[in-house]
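Each residue of the sequence shown is one higher than the one before, starting from 1479 at the first, in the working numbering.
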Amino acid sequence: MNIPSDRLYTDTHEWVMVSGDVATVGITEHAQRELSDIVFIELPKVGERVSKKSVVGVIESVKAASDLYAPVSGEVLEINSQLTDHPSLINSNPYGEGWLYKIRIINPQELHDLKDADAYRELLKNKEL
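Below, the structure is given as structure tokens:
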């Protein structure tokens, strides 16, 4: 399974790629596989302030609906508007075109609570046991 080492990960299967004080957020390959064919996504609004671990949206597939959680606290700067008409981009390219939103990080210390690729891989391995 593809778990890029240039990102951080949450226990709820979101990924975060940090550049300065901006984080790009998406869901992992594992998450999109578990959901299967994604048919709808509700993203946070640009300008919305979110708190770490708060529900910021919903992702729906043919199998289930799941909440999306903020990996860090901050202000939503941009959403991936392509996903409105093409939510399947999340399935085909979860680490690229399927990114969800960008957030300005207000508490960089929260990044220390996220997992690196090795720790996330270990989390997945333990869930399979």
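Ideal placement from N, C-alpha and C gives every residue a C-beta, glycine not left out.
Cβ neighbours of residue i in the same chain (closer than 7 Å, five flanking residues each side left out)
i, result
"leucine 1607", "Per-residue confidence for leucine 1607 stands at a pLDDT of 47, beneath the threshold of 50, marking its modelled position as unreliable; the derived number appears in the next sentence. So no residue of the chain qualifies."
"threonine 1490", "Tyr1547"
"tyrosine 1598", "Ile1481, Tyr1487"
"histidine 1508", "Met1479, His1491, Leu1602"
Same chain only: Cβ atoms within 8 Å of residue i, ignoring 5 sequence neighbours per side
i, result
"glycine 1525", "Glu1553, Val1554"
"isoleucine 1516", "Gln1510, Ile1537, Glu1538, Ser1539, Pro1565, Ser1566, Ile1568, Asn1569"
"isoleucine 1583", "Val1496, Asp1499, Val1500, Ala1501, Val1550, Ser1551, Gly1552, Leu1589"
Short Cβ contact (8 Å threshold) for residue i with residue j
i, j, result
"leucine 1592", "valine 1503", "no"
"leucine 1513", "lysine 1541", "yes"
"tyrosine 1547", "threonine 1506", "no"
Rounded distance between the beta-carbons of residue j and residue i, thought under 8 Å
i, j, result
"aspartate 1545", "valine 1533", "5 Å"
"valine 1550", "lysine 1580", "Rounded, the Cβ-Cβ distance is 12 Å, inconsistent with contact."
Strand pairing of residue i, partner residues [DSSP]
i, result
"arginine 1582", "Val1500, Glu1553"
"glycine 1576", "Paired residues: none, contrary to the question."
"isoleucine 1519", "Ile1537"
"valine 1495", "Per the sequence shown, residue 1495 should be read as methionine rather than valine. Its beta-bridge partners are Thr1502."
"aspartate 1545", "Val1536"
"leucine 1602", "Paired residue(s): none; leucine 1602 is not in a bridge."
Same chain only: Cβ atoms within 6 Å of residue i, ignoring 5 sequence neighbours per side
i, result
"leucine 1486", "Val1494, Leu1592"
"isoleucine 1519", "Ile1537, Leu1561, Pro1565"
Cβ contact (3+ pairs, closer than 8 Å) linking the segment 1516-1525 and the segment 1485-1498: no
The segment 1561-1570 in contact with the segment 1593-1601 per 3-pair CB rule at 8 Å: no
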